[in-house]
């Protein structure tokens, strides 16, 4: 009986030593991802960027081209075609005069460059 209690105690103590928690407060910014610190923040930079680079650009959706494709104009006046996923809208209704931030990635195919939008933030 004493051996069983001793064995159980050892297992519990060793288990507590190994399981020290999953959350670590890391103050360093990890690379990649989307957000206000994404590297590409203008249409001009997006047009010159490599494929799949993250973007976060402030501007306006000017008009709808077809289905989920739109023309987006940044605050500097440059325009680019964007492809907006259904989830990106987050239940928001966006008008052409609404200032927004689009977050997504550059999509380069053959001779065209557009942005795959994953999130829209209405300002």
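Residue numbers (mature numbering (1 follows the signal peptide of the UniProt record, and there is no 0)): -19 to -1, 1 to 104. Backbone N, C-alpha and C fix where the C-beta goes; we use that ideal spot for every residue, glycine too.
Exposure of residue 95, with buried meaning 16 or more beta-carbon neighbours within 10 Å: buried
Tell me the DSSP secondary structure of residue 71 in three-state form. In the structure shown, residue 71 adopts coil according to DSSP, grouped into three states.
Please classify residue 29: does DSSP put it in a helix, a strand, or coil? helix
Between the CA atoms of residue 59 and residue 8 - distance to the nearest angstrom: Caution applies to residue 8, whose pLDDT of 45 falls short of 50 and renders its modelled position unreliable; the model cannot decide the point.
Beta-carbon proximity list for residue 23, same chain, < 8 Å, skipping 5 on both sides: Within the same chain, 38, 55, 57 and 59 come within 8 Å of residue 23 by CB-CB distance, once the 5 residues on both sides are set aside.
Ordered along the chain, which non-local residues of its own chain (more than five positions away) have a Cβ less than 7 Å from that of residue 45? 51
Check whether the Cβ atoms of residue 75 and residue 42 sit closer than 9 Å, and answer yes or no. yes
Rounded to the nearest angstrom, how far is the Cβ of residue 98 from that of residue 66, given a contact under 8 Å? 7 Å
Would you identify the three-state DSSP class for residue 24, choosing helix, strand or coil? helix
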